[in-house]
Amino acid sequence: MKCRVNPSYMEQLYSFYSPFYDWVFGKLLEPGRRRAFHYLDRRPHQRILEIGIGPGSTLEKYPPYTNLVGIDISSAMIEEAQKKAAQLNGGSTFDFQVMDAANLEFPDNHFDAVISAYVITTVQDPRKVCREILRVVKPGGQIMVINHTRSPNGGLLGKIEDIVAPVCVRIGFTTDLDVIRVMREVGMNVNRAVKCNLMNTGRIIMATKES
Ligand SMILES: C[S@@+](CC[C@H](N)C(=O)[O-])C[C@H]1O[C@@H](n2cnc3c(N)ncnc32)[C@H](O)[C@@H]1O
Numbered sequence: 013m014k015c016r017v018n019p020s021y022m023e024q025l026y027s028f029y030s031p032f033y034d035w036v037f038g039k040l041l042e043p044g045r046r047r048a049f050h051y052l053d054r055r056p057h058q059r060i061l062e063i064g065i066g067p068g069s070t071l072e073k074y075p076p077y078t079n080l081v082g083i084d085i086s087s088a089m090i091e092e093a094q095k096k097a098a099q100l101n102g103g104s105t106f107d108f109q110v111m112d113a114a115n116l117e118f119p120d121n122h123f124d125a126v127i128s129a130y131v132i133t134t135v136q137d138p139r140k141v142c143r144e145i146l147r148v149v150k151p152g153g154q155i156m157v158i159n160h161t162r163s164p165n166g167g168l169l170g171k172i173e174d175i176v177a178p179v180c181v182r183i184g185f186t187t188d189l190d191v192i193r194v195m196r197e198v199g200m201n202v203n204r205a206v207k208c209n210l211m212n213t214g215r216i217i218m219a220t221k222e223s
């Protein structure tokens with residue numbers, strides 16, 4: 013990733029988006045979310061962490077009796093997620109906290125699964141965030157990242173993604189980050205990447221932590 017993401021700019025931007033996020037980005041990115049949740053282990057009573065939970069666009073997709081912890085750097089987003097959770101009645105518990113995904117305040121090996129939907133390309137240090145995800149998930153636990161990932165080197169699309177990255181960063185995400193590569197570099201065992209969203213621009217990336 014060559015295009016720098018400024019965390020305080022992102023925090024302010026997503027707070028500004030929070031009241032109408034669901035109607036714009038929320039709807040556009042919904043096919044990826046919907047499809048991704050088919051791959052989530054449906055066992056009840058799992059302790060799951062979702063980083064960058066935004067206004068809670070995924071909440072109703074969790075299996076009943078999930079113990080969900082949702083974090084986001086934007087308190088306005090967390091408030092929206094809390095409002096949404098208050099309307100749900102699937103036996104799950106929800107704990108929302110304002111927190112930076114690069115400094116997760118949880119012990120090692122704490123969660124059965126960690127989910128990240130469209131977050132890795134919005135953070136300043138994606139490697140640090142991925143290392144944190146790997147640290148807090150249990151050995152053998154499920155890691156699911158839904159995101160755009162830069163096309164491989166050498167292709168025209170990758171070059172276009174590099175060119176448009178500075179513009180995209182202004183609206184909230186970068187396009188020049190090879191997310192799958194970062195996940196592998198920090199030691200995640202990436203076992204599958206499924207195409208999703210408009211023109212197959214997204215990937216549902218499934219990984220585990222070695223037992
Ligand atoms: C593109 S939105 C995705 C929201 C939601 N996950 C979804 O499925 O649409 C990115 C979210 O990540 C949050 N975010 C950005 N940087 C973060 C960080 N360092 N730590 C935690 N959350 C962060 C933003 O506030 C925003 O809610």
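Under the numbering used here, the sequence shown has 51 at position 39, and the numbering climbs by one with no breaks.
Quick reminder that beta carbons are idealized off the backbone N, C-alpha and C, glycines included.
Please read all numbers here as calculations on a predicted model, not as lab measurements.
Count the other CB atoms within 10 Å of the CB of residue i; is the residue buried (16 or more) or exposed (fewer)?
i	result
Arg46	exposed
Lys221	buried
Asn209	buried
Glu62	buried
Phe28	exposed
Pro138	buried
Gly82	buried
Glu173	buried
Ala98	exposed
Asp188	buried
Ser30	buried
Phe49	buried
What first and last residue would you give for the beta strand (DSSP E) that runs through residue i?
i	result
Phe106	105-110
Pro151	149-159
Phe123	123-129
Please tell me whether, using a cut-off of 7 Å, the distance from the CB of residue i to the nearest non-hydrogen atom of ligand 1 is below it.
i	result
Phe49	no
Gly214	no
Met22	yes
Met89	yes
Ser104	no
So residue i packs on residue j, CB below 8 Å; how close in whole Å?
i	j	result
Ser86	Glu42	About 20 Å; that fails the 8 Å criterion.
Glu92	Gly68	6 Å
Met218	Cys142	Rounded, the Cβ-Cβ distance is 14 Å, inconsistent with contact.
What are the boundary residues of the alpha helix (DSSP H) that includes residue i?
i	result
Phe37	37-40
Ala177	168-183
With a cut-off of 8 Å, does the C-beta of residue i fall near any C-beta of chain C?
i	result
Gln94	Checking the listed chains, one finds no chain C in this structure; it contains a single protein chain.
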